[in-house]
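Below you'll find the structure, written out as structure tokens, and then a few comments.
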Amino acid sequence: MAEGMPTTVEQVRVRILPDGRMDTDNAAAYIGNATKTLDQWAYQGKGPRFLKVGGKRFYFKADLDAFIRGAPQAAA
């Protein structure tokens, strides 16, 4: 193993709603970015696809997984 490489994987706990949605804070933690980064991406029209409900952004786990894999995304 290369020097300086972590030897363990950090588990991140996120709250996923029964329908598979996550709020912005949980989505950011899930993909390993800051909430502010997701806010900027949404403003710029890039990043993972999201859904607005009552003025609040939600992200589906499947869309976040696709984004992590590098699949093209269209912000809503």
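Per my numbering, the very first residue in the sequence shown carries number 74; after that it's consecutive.
Backbone N, C-alpha and C define an ideal beta-carbon position, used for all residues, glycine too.
CA-CA distance, residue 121 to residue 89, rounds to 16 Å.
Residue pairing of residue 88 in beta bridges, as defined by DSSP: absent, with no partner found. Relative to residue 115, the option among 86, 129, 87 and 102 whose CA is nearest is 129.
Residue range 94–96 is occupied by the beta strand (DSSP E) that includes residue 94. Rounded to the nearest angstrom, the gap between the Cα atoms of residue 98 and residue 109 is 9 Å.
Relative to residue 138, the option among 117, 105, 113 and 118 whose CA is nearest is 105.
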